[in-house]
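Worksheet for the structure shown next.
In my numbering, the protein residues as written are 1206 to 1471.
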């Protein structure tokens, strides 16, 4: 959704967040508030977070708000929120992803909604940023379940290239609230400054990345990237305020917020 510095910028971009990441009576983030702001919602499928009741509630609200819905599968790791490395074969990963996408499709159908895309969560996504065979397995699993699903991939990584190689419609994503290395990868969460919290600084950086068509690393290095979607995490304090500020600043520059995939309603 953006071009090199000096060229015109597309007038629309998607704003997404991860939703439905509570479990049973335990809440994580403010899904209702985030769904008032974002244009796409990636919904946990029950392995790293989420359950059928939470999924159905998010789906119903997203349908009402015209928000596009994605399945957000990850490692089976409720205790660690899917952010701890796990050991699985490529075949096991394919089956884990297919299983979770299937769960999302089933609950969405019951709620009268459609799932339009898949976005991989947490540590599994981090692994696929650097392991091409893992990214290929995740794309293959997505296509095997439904070749019409879009693939929301971290821009400039094997997730993007392997999704395209599998014949999926790929949307390229940057993170508003995460720092980047000089290689264009997300900085490890344990590293200083890896998670950004200043909503004004976050919004300014997003505008710069959209305007320049580039990922901006912690060092200031620019890495050229196509950008279709911006992610604001929904699971940390201040997420709603950050998402609001990002949207406000984008719209003030004449950039429309719109989903990259079909909205939830069938």
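Heads up, the beta-carbon is just placed ideally off N, CA and C, and yes, glycines get one too.
### Query
When we look at the beta-carbon of residue 1457 and count the other beta-carbons within 10 Å, is it buried (16 or more) or exposed?
In the chain shown, the residue the question calls residue 1457 occupies position 252. Burial call: exposed.
### Residues near residue 1265 by beta carbon distance below 6 Å, same chain, minus five either side
The count along the chain shown starts at 1 and reaches residue 1265 at position 60. Counting only Cβ-Cβ distances below 6 Å, and skipping sequence neighbours, we find 1316.
### Task
Using a threshold of 8 Å, state whether the C-beta atoms of residue 1308 and residue 1251 are closer than that.
Within the chain shown, residue 1308 is the residue found at index 103, counting from 1. Within the chain shown, residue 1251 is the residue found at index 46, counting from 1. A contact, by the Cβ cut-off of 8 Å.
### Query
Nearest-angstrom Cα distance between residue 1374 and residue 1347?
For the purposes of this step, residue 1374 is identified with residue 169 of the chain shown, where counting begins at 1. For the purposes of this step, residue 1347 is identified with residue 142 of the chain shown, where counting begins at 1. The alpha-carbon atoms of residue 1374 and residue 1347 are separated by roughly 11 Å.
### Query
At what residue ranges does the segment 1311–1372 contain a whole run of the alpha helix (DSSP H), taking only runs of 4 or more?
1327–1333, 1337–1350, 1363–1370
### Task
My understanding is that residue 1220 touches residue 1448, with C-beta atoms under 8 Å, so please give their C-beta distance in whole angstroms.
By one-based count along the chain shown, residue 1220 stands at place 15. By one-based count along the chain shown, residue 1448 stands at place 243. 7 Å between Cβ atoms; contact.
### Query
In terms of alpha-carbon separation, which member of 1322, 1367, 1353, 1354 lies closest to residue 1338?
Within the chain shown, residue 1338 is the residue found at index 133, counting from 1. Here the closest residue by C-alpha is 1367.
### Task
Would you check if the segment 1270–1288 and the segment 1429–1437 touch, i.e. whether three or more CB-CB distances between them fall below 8 Å?
no
#### Entry: Identity of the residue in 1470, 1461, 1256 nearest residue 1229 by Cα
Against the chain shown, residue 1229 aligns to sequence position 24. Closest by alpha carbon: 1256.
### Task
Could you check the C-alpha separation between residue 1404 and residue 1382 for me, to the nearest Å?
Here residue 1404 corresponds to residue number 199 of the chain shown, with the count starting at 1. Here residue 1382 corresponds to residue number 177 of the chain shown, with the count starting at 1. In a straight line, the C-alpha of residue 1404 is about 9 Å away from that of residue 1382.
### Query
How big is the Cα-Cα spacing for residue 1244 and residue 1270?
Taking the chain shown and counting its residues from 1, the one referred to as residue 1244 is at position 39. Taking the chain shown and counting its residues from 1, the one referred to as residue 1270 is at position 65. Between residue 1244 and residue 1270, the C-alpha separation is close to 9 Å.
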